[in-house]
Amino acid sequence: MGDRTVAEFYDDAGIEWSLRSVGMHLHPGAEDATVELARRAEACGMAAGGRILDVASALGAPARYLARRFGARVVCIDMDRRMHSRAVAVSRREGLANLVQPILARTEHLPLADGSIDAAWSQDALCHMDKEAVLRELARVLRPGAVFAFTDFVAHRGITAADLDRVRQLWAFPSLLTVPGYVAALARLGFEVLLAEDRTATVLATQPRQRIDDDLWWAEFAGRWGEAKAEAQREAGLAWFDIVRGGRGGYAMFIARR
Ligand SMILES: C[S@@+](CC[C@H](N)C(=O)[O-])C[C@H]1O[C@@H](n2cnc3c(N)ncnc32)[C@H](O)[C@@H]1O
């Protein structure tokens, strides 16, 4: 089986599936996870105003939350055209076009000047990327003293080569770091790590439960996008939860200072 690309994972059907699970905040834990990361980032010195960079901003829901909470301008970088245009449209509709600035680009090559960003943010997206390259770019564009707050899918110690193959094929994760792996990568690039916390239990407690209309929803989904697509989404969900339930993977939160 070939690897799924990020664009294939977040095609129209993939976005519909994600929206049903978590709404416009396209990450585990939905909006509550955004609120919690902002609270922790604030406690670690993320200040009001300035320019915040959202790394892989998708539909822009966390960016709009940050713009409102911190009264900041938020530069949203995402490489996906559909995500980008929806982020533009919703931000306009919500009267935030002056604060939220979506840019279509890859995060491994940020179209931003050295030291031009006051804080950075990312929720559950570095899993799709070349993490070293993105962290290096962040070290370049953040001004000294800037806070970088992020959450991500992580590997636990017992993860197997077969698990990593499955998440590469089904979720378009080229690699997964452990919590100590992220701490080491951040430290190598000169970041001071202020927080590195495994959040697996908390995130699991907020996962959507089975719903009464699940069967109907899947039947309609398969009718719209085809059985193969429905099966691929189901398989991805089950594969990741098998890894998490087995204690071999999970979720973590990090805050670091440049
Ligand atoms: C899970 S979604 C991110 C969710 C978003 N942070 C949120 O919390 O709503 C993953 C996003 O990462 C974007 N992405 C993945 N790899 C990327 C890369 N190398 N450069 C830019 N965007 C990327 C995808 O297009 C997708 O929109």
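So for the sequence shown, this note's numbering puts the first residue at 87; every next one is plus one. In this text, a Cβ means the ideal position worked out from N, Cα and C, and glycines have one as well. No experiment lies behind these values; they were computed from the predicted model shown.
Check: Excluding the five sequence neighbours on either side, which residues of its own chain have a C-beta within less than 6 Å of the C-beta of Arg-155, listed in chain order?
Finding: By one-based count along the sequence shown, residue 155 stands at place 69. Only Ala-124 meet the Cβ criterion.
Notebook entry, point to check: Helix or strand or just coil, what does DSSP make of Ser-143?
Noted result: Counting from 1 along the sequence shown, the entry for residue 143 is found at position 57. In the structure shown, Ser-143 sits in coil (DSSP, three-state: anything other than H, G, I, E or B).
Notebook entry, point to check: Which word fits Gly-115, buried or exposed, when buried means at least 16 other C-beta atoms lie within 10 angstroms of its C-beta?
Noted result: As a position in the sequence shown, residue 115 is number 29, starting the count at 1. Classification for Gly-115: buried.
Margin query: When you compare the CB positions of Ala-338 and Ala-282, do they come within less than 8 Å of one another, or not?
Written below: Residue numbering aside, residue 338 sits at position 252 when the sequence shown is read from its first letter. Residue numbering aside, residue 282 sits at position 196 when the sequence shown is read from its first letter. The answer is yes: Cβ separation under 8 Å.
Margin query: Three or more C-beta pairs under 8 Å: does that hold for the region 314-324 against the region 191-201?
Written below: no
Margin query: Does Glu-283 come out as helix, strand or coil in the three-state DSSP assignment?
Written below: For the purposes of this step, residue 283 is taken as residue 197 along the sequence shown, with counting starting at 1. Here Glu-283 sits in strand by DSSP.
Check: Since Val-141 and Ser-208 are thought to touch, with beta carbons under 8 Å apart, how far apart are those beta carbons, to the nearest angstrom?
Finding: Residue numbering aside, residue 141 sits at position 55 when the sequence shown is read from its first letter. Residue numbering aside, residue 208 sits at position 122 when the sequence shown is read from its first letter. The pair is a contact, with the Cβ atoms about 4 Å apart (cut-off 8 Å).
Next item on the list: Rank Arg-106, Thr-91 and Asp-98 by C-alpha distance to the C-alpha of Arg-295 and give the top, closest one.
Entry: On the sequence shown, position 209 is the one that residue 295 refers to. The candidate whose alpha carbon is nearest that of Arg-295 is Arg-106.
Note to self: Below 8 Å, how does it come out for the region 174-181 and the region 89-101: are there three or more Cβ pairs, yes or no?
What the structure shows: no
Notebook entry, point to check: Who does Thr-237 pair with in a DSSP beta bridge?
Noted result: By 1-based counting over the sequence shown, the position of residue 237 is 151. Beta-bridge pairing links Thr-237 to Gln-209 and Met-339.
Checklist line | Buried/exposed call for Glu-306, threshold 16 Cβ in 10 Å | finding: In the sequence shown, the residue the question calls residue 306 occupies position 220. It counts as exposed.
Notebook entry, point to check: Do Tyr-151 and ligand 1 come close, with the Cβ less than 7 Å from some heavy atom?
Noted result: Stepping through the sequence shown from its first residue, residue 151 is reached at position 65. Tyr-151: no, Cβ never under 7 Å from ligand 1.
Next item on the list: For Leu-190, write down the residues that DSSP places opposite it in a beta bridge.
Entry: Walking along the sequence shown from the start, residue 190 turns up at place 104. For Leu-190, which the question treats as bridged, DSSP gives the partners Asp-164.
Notebook entry, point to check: Within this structure, are the beta carbons of Ile-199 and Val-233 separated by less than 8 Å?
Noted result: As a working mapping, residue 199 is identified with position 113 in the sequence shown. As a working mapping, residue 233 is identified with position 147 in the sequence shown. The sequence shown places Ala at residue 199, not Ile. Not closer than 8 Å, so no.
Next item on the list: Would you kindly work out how many angstroms separate the C-alpha atoms of Gly-244 and Val-330, rounded to a whole number?
Entry: Counting from one through the sequence shown, the residue named residue 244 turns up at place 158. Counting from one through the sequence shown, the residue named residue 330 turns up at place 244. Answer to the nearest angstrom: the Cα atoms are 11 Å apart.
Notebook entry, point to check: Quick one: is the Cβ of Ser-107 within less than 7 Å of any heavy atom of ligand 1?
Noted result: The residue you call residue 107 lines up with position 21 of the sequence shown. False, no ligand heavy atom lies under 7 Å from that Cβ.
Notebook entry, point to check: Would you say the beta carbon of Gln-209 comes nearer than 7 Å to a heavy atom of ligand 1?
Noted result: Walking along the sequence shown from the start, residue 209 turns up at place 123. Within the cutoff, so yes.
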